[in-house]
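So the structure is just underneath, and the comments pick up after that.
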Amino acid sequence: MATTEFGRTVRRWRDRVPPEAAGLPVGGHRRAAGLRREELALLAGISVDYVTRLEQGRAANPSEQVIEALGRALRVSGDEREHLFRVAGLVAPGRGTVPGYITPSVQRMLDRLTGTPVAVSDAAWTLLLANPLYTALMGERHGRERNGAWRNFLGAGTRVRHTPESRRALETAVVSDLRATALRYPADLRLRRLIADLRAGSERFAELWDSGAVGHQEASRKTIDHPEVGPLTLDCDVLSVAGSDLRIMVYTAEPGTEDAERLALLAVVGTQALAEQS
Numbered sequence: 280m281a282t283t284e285f286g287r288t289v290r291r292w293r294d295r296v297p298p299e300a301a302g303l304p305v306g307g308h309r310r311a312a313g314l315r316r317e318e319l320a321l322l323a324g325i326s327v328d329y330v331t332r333l334e335q336g337r338a339a340n341p342s343e344q345v346i347e348a349l350g351r352a353l354r355v356s357g358d359e360r361e362h363l364f365r366v367a368g369l370v371a372p373g374r375g376t377v378p379g380y381i382t383p384s385v386q387r388m389l390d391r392l393t394g395t396p397v398a399v400s401d402a403a404w405t406l407l408l409a410n411p412l413y414t415a416l417m418g419e420r421h422g423r424e425r426n427g428a429w430r431n432f433l434g435a436g437t438r439v440r441h442t443p444e445s446r447r448a449l450e451t452a453v454v455s456d457l458r459a460t461a462l463r464y465p466a467d468l469r470l471r472r473l474i475a476d477l478r479a480g481s482e483r484f485a486e487l488w489d490s491g492a493v494g495h496q497e498a499s500r501k502t503i504d505h506p507e508v509g510p511l512t513l514d515c516d517v518l519s520v521a522g523s524d525l526r527i528m529v530y531t532a533e534p535g536t537e538d539a540e541r542l543a544l545l546a547v548v549g550t551q552a553l554a555e556q557s
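Per this note's numbering, the sequence shown starts with residue 280, numbered consecutively.
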């Protein structure tokens with residue numbers, strides 16, 4: 280199959296994004312200044328093989344989720360996002376659906392937080408972007424595991440340590456927040472499918488949903504059991520971006536503590552791991 284306009288666009292835009300702008304290590308010989316396919320795949324959360332097939336025109340009809348993920352990784356503007364959907368034969372999601380666009384200004388802010396684990400999720404708690412240190416802290420997440428509600432009720436869980444009380448509080452807050460999101464975005468079919476699947480697959484989710492349970496996410500201290508550097512107790516804050524309904528989750532350590540030392544060590548370990556993958 281001949282290279283498609285979508286594939287050519289992704290290839291051209293990949294060339295213009297320097298790895299350091301995406302928070303990736305720059306070591307080793309590079310034939311081009313832009314992102315490698317492996318790096319684009321890592322940033323977008325999709326396989327290298329799929330990126331290759333898209334660029335070469337051997338894969339057609341990418342989903343909305345894939346286009347959004349590639350757009351975020353490629354740092355596209357609003358107009359470029361529209362163009363990326365158009366050359367894929369789709370219309371970019373509009374009003375009434377959960378927004379997943381990260382503005383360049385927010386992206387630049389995140390790029391400066393290289394020593395801090397940071398992740399961005401949409402209003403349905405689907406992970407849109409995670410910097411390398413967040414990925415090193417929490418592990419890579421793919422497919423439905425990228426959604427926080429799915430992960431906590433039906434998936435493999437997380438590295439965050441919970442007591443029975445903190446688990447109940449988290450579950451209540453997630454369900455309450457998801458219900459509020461569904462009211463704000465009634466036209467989002469993907470969100471409706473997520474809620475239906477959670478109700479069908481999790482008795483606990485269905486119980487909380489049907490009871491009208493109310494809760495909210497709060498700043499907290501969390502202990503993360505990391506397989507390489509050991510447990511880290513960090514402050515977790517969730518920030519909102521005005522006008523976008525995005526959630527920015529930031530983990531920080533108190534200076535001078537053993538947790539701060541372990542986080543610094545993780546920054547080195549995580550960076551080396553990413554360099555080996557690229």
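Note that the Cβ used here is the ideal one computed from N, Cα and C, for glycine as well.
Fair warning: this is a prediction, and the values are worked out from it, not measured in the lab.
(request) Could you have a look at V508 and say whether DSSP puts it in helix, strand or coil? (result) Along the sequence shown, one-based indexing puts residue 508 at 229. Residue state, collapsed to three classes: coil.
(request) Take T637 as the anchor and find which of R438, T460, G522 has the nearest alpha-carbon. (result) This structure does not reach residue 637, given that the chain is present from 280 up to 557, and the question cannot be answered.
(message) Taking the alpha-carbon of V517 as reference, which of S342, G509, I527, D401 has the nearest alpha-carbon?
(response) Against the sequence shown, residue 517 aligns to sequence position 238. The option with the nearest alpha carbon to V517 is I527.
(message) Excluding the 5 residues flanking R420 on each side, which residues of the same chain have their C-beta closer than 7 Å to its C-beta?
(response) Walking along the sequence shown from the start, residue 420 turns up at place 141. Excluding residues within five positions, the ones whose Cβ falls inside 7 Å are L406.
(request) Out of R291, Q386, L333, state which residue places its alpha-carbon closest to the alpha-carbon of L314. (result) Residue 314 sits at position 35 when you count from the first residue of the sequence shown. Per the Cα distances, R291.
(request) Under 6 Å Cβ to Cβ from R293, same chain only, skipping five residues before and after it: list those, please. (result) Sequence index remark: in the sequence shown, residue 293 carries index 14 (1-based). The residues are G313, L314, L319.
(message) Please list the terminal residues of the continuous beta strand (DSSP E) segment that includes L406.
(response) Start at 1 with the first residue of the sequence shown, and residue 406 comes out as number 127. L406 -> beta strand (DSSP E) spans 406 to 409.
(message) Between the alpha carbons of R360 and E444, how many angstroms are there, rounded?
(response) Locating residue 360 in the sequence shown gives position 81, where the first residue counts as 1. Locating residue 444 in the sequence shown gives position 165, where the first residue counts as 1. Rounded to the nearest angstrom, the two C-alpha atoms are 42 Å apart.
(request) For P465, count neighbouring C-beta atoms within 10 Å of its own C-beta (all shown protein chains included) and say buried if the count is 16 or more, exposed if not. (result) Within the sequence shown, the letter at position 186 stands for residue 465. Exposed, by the Cβ-count rule.
(request) Under 7 Å Cβ to Cβ from G494, same chain only, skipping five residues before and after it: list those, please. (result) Locating residue 494 in the sequence shown gives position 215, where the first residue counts as 1. Answer for G494: A448, T451, A452, S455, listed in chain order.
(request) Would you kindly work out how many angstroms separate the C-alpha atoms of A492 and S481, rounded to a whole number? (result) Translated into positions along the sequence shown, residue 492 becomes position 213. Translated into positions along the sequence shown, residue 481 becomes position 202. Looking at the two C-alpha atoms, the distance is approximately 15 Å.
(message) Check this for me: beta carbons of W404 and A428, under 8 Å apart or not?
(response) Walking along the sequence shown from the start, residue 404 turns up at place 125. Walking along the sequence shown from the start, residue 428 turns up at place 149. Yes, the pair counts as a contact, with Cβ atoms nearer than the cut-off.
(message) Classify R354: buried if its beta carbon has 16 or more other beta carbons within 10 angstroms, exposed otherwise.
(response) Counting from one through the sequence shown, the residue named residue 354 turns up at place 75. Under this definition R354 is a buried residue.
(request) Look at the alpha carbon of Y380 and the alpha carbon of E540, and state the distance between them as a whole number of angstroms. (result) Numbered from its first residue, the sequence shown carries residue 380 at position 101. Numbered from its first residue, the sequence shown carries residue 540 at position 261. Each residue's alpha carbon lies about 34 Å from the other.
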